Amino acid sequence: LVKMRFLHARISSRTLFAFGRVLLSRSGQVTEHTTRRWSSSFQGISCHGNLPPPPFTKDQLPLKAFSSLTPKKGEVVVSVKVAAVNFPDVLIAQGKYQMKPEKEFSPGFEFSGTVKALGEGVKHLQAGDRVIGFVPWGAFAEEVAVSRHNLIKMPEKMDFKDGASLLMAYGTSYYALHHHGAIKEKDTVLILGASGGVGLAALELAKAHGARVVATASEDSKLELCKSRGADVVINYKKDDLKKALKEVLPDGADIVYDPVGGDLTETALRNIKWNGRYLVIGFASGDIPKIPLNLPLLKGCSIHGVFWGSFAMREPERLQQQIKSIMELYLTGKIKPHVSAEYGLEDTYLALNSLAGRKATGKVLLKVSD
């Protein structure tokens, strides 16, 4: 379903020109012209998926010229305006993500931009359309080729920054809470790492559905952000005893635990889940994949769900489109709004990745790829 080609064999030094109308006077001078120049190459981040653990350096993720892309049948080439940076980008750069590119590539899963070229069979888009899209990799570049199924038109009221910030964080959290969590009004949702990209998205989506949210984070400033986004209770798990704090604010336990962190927090949170509760495994931002005693789900009568939105998007495209429609409705009615904490230029991709790897970022981190 997801097809993306990154051409990097030969970089032609030729420049292609498309000429408009040229009128010459009798003297042979040009009196009017609409000459337009197209470059035969584009800039992108070069990565081989074998980097050591972060912090990364600029030399490890350099900008490089690649040959311009030509769409295959069913593909669209997009001129990228903004790309969002996500924790899986940190992993894929090191070869630690579920999907491993075999050749040189640019990281980057989600982006917004304008349609540059259409492949055969693409009917729902036109050149110049503003779009949002996702790919398995390739968005940290000025051009990306993407399957037509993975692009949607941006609403008129949406800007490129919000467009690039919506799909992965809100898609993951919507899929987690509704498909796996079966969230209901007045459920209590415990969110670990609630100030991050997927954490804040989960907070907003849970509140939009009428749930009570207990948000945890490692710093008071991050918790202030959570409160501004509607959290009912906040806990600093670096300063407070998480086990004790959860017993106080959740004496009956949580209906849903949303866990993008892993590590030492997981077992403590699982011990504070209700009977028939749903534990949602989103990721392991702590860098530590926990080992869960299986007697806990037995005693709690709870279920543990692995949430892999990327795989869902490829396997269930019809449900994905329904999900995206619901997310867009929430955005257009003002119930969700991406929080962008930092923006970088494409050449500073390494700094953007380091901010996520060091768990310093809140909400979304973006790359401004082109004007």
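Residues in the sequence shown are numbered consecutively from 36, following the numbering used here.
The C-beta atom is built at its ideal place from N, Cα and C for all residues, glycine as well.
For clarity, every value in this text was computed on a predicted model and none was experimentally measured.
Are the beta-carbon atoms of residue i and residue j separated by less than 9 Å?
i: Y132; j: I362; result: no
i: G154; j: K107; result: yes
i: Y385; j: Q95; result: yes
i: K22; j: K335; result: This structure leaves residue 22 out entirely; the chain is present only between 36 and 406.
i: S230; j: L277; result: no
i: C82; j: F140; result: yes
i: V125; j: P87; result: no
i: S321; j: D299; result: yes
i: L305; j: L331; result: yes
i: R354; j: H214; result: yes
Under 6 Å Cβ to Cβ from residue i, same chain only, skipping five residues before and after it: list those, please.
i: A44; result: In this prediction, A44 scores a pLDDT of 31, lower than 50, which makes its location untrustworthy; no coordinate-derived value is stated.
i: L98; result: Q78 and E382
i: K274; result: none
i: T223; result: R247, A289 and D290
i: S47; result: Unreliable positioning characterises S47 in this predicted model, as indicated by a pLDDT of 31, which lies under 50. The coordinate reading is nonetheless provided below. Contacts found: S75.
i: D406; result: none
i: A280; result: I270
i: A176; result: G79 and S141
According to DSSP, what are the bridge partners of residue i?
i: I270; result: T251
i: C82; result: F140
i: D222; result: According to DSSP, which records beta bridges pairwise, D222 is partnered with nothing at all.
i: G341; result: V316
i: K188; result: V166
i: K131; result: Paired residue(s): none; K131 is not in a bridge.
i: G231; result: G398
Does the distance between the C-beta of residue i and the nearest non-hydrogen atom of the ligand GTP fall short of 8 Å?
i: I291; result: Ligands in the displayed structure: none, and consequently the ligand GTP is not present.
Can you list, in chain order, the residues of its chain whose CB lies under 7 Å from that of residue i, leaving out five sequence neighbours each side?
i: S390; result: A377, A396 and V400
i: G477; result: Since the first and last residues shown for the chain are 36 and 406, residue 477 lies out of range.
i: I187; result: V166, I167 and I359
i: I317; result: T207, A211, V233, Y293, D294, P295 and V342
i: G245; result: E220 and K221
i: L238; result: I226, A229, V248, A250, C261, R264, G265 and A266
i: D164; result: T149, V150 and K188
i: V37; result: Unreliable positioning characterises V37 in this predicted model, as indicated by a pLDDT of 39, which lies under 50. The coordinate reading is nonetheless provided below. Result list for V37: V170, P171, S182, N185 and M349, in chain order.
i: T92; result: Y385
i: V404; result: V115, K116, V117, A118, E177 and L381
Assuming residue i contacts residue j (C-beta within less than 8 Å), just tell me the rounded distance between them.
i: V249; j: L225; result: 5 Å
i: I371; j: A174; result: Going by Cβ atoms, the distance from I371 to A174 rounds to 21 Å, so no, they are not a contact pair.
i: V120; j: A387; result: 5 Å
i: A241; j: I218; result: 7 Å
i: Y272; j: S256; result: About 14 Å separates the two Cβ atoms, so there is no contact after all.
i: Y379; j: L402; result: 6 Å
i: K138; j: L367; result: The pair is not a contact, with the Cβ atoms about 39 Å apart (cut-off 8 Å).
i: F319; j: G345; result: Actually they do not touch by this definition, with Cβ atoms about 15 Å apart.
Cutting at 8 Å between CB atoms, please list the residues of its own chain near residue i, excluding the five before and the five after it.
i: K135; result: G84 and I127
Any chance the region 289 to 307 sits against the region 255 to 270, with 3 or more Cβ pairs inside 8 Å? no
Counting Cβ pairs, one atom from each stretch, are 3 or more of them under 8 Å apart for the region 158 to 171 and the region 179 to 186? yes
Three or more beta-carbon pairs under 8 Å between the region 109 to 128 and the region 189 to 201, yes or no? Yes: at least three Cβ pairs fall under 8 Å.
Per the contact definition of three or more C-beta pairs closer than 8 Å, is the region 132 to 145 in contact with the region 328 to 341? no
Please confirm if the region 349 to 357 is in contact with the region 319 to 331, defined as three or more CB-CB distances below 8 Å between the two stretches. no
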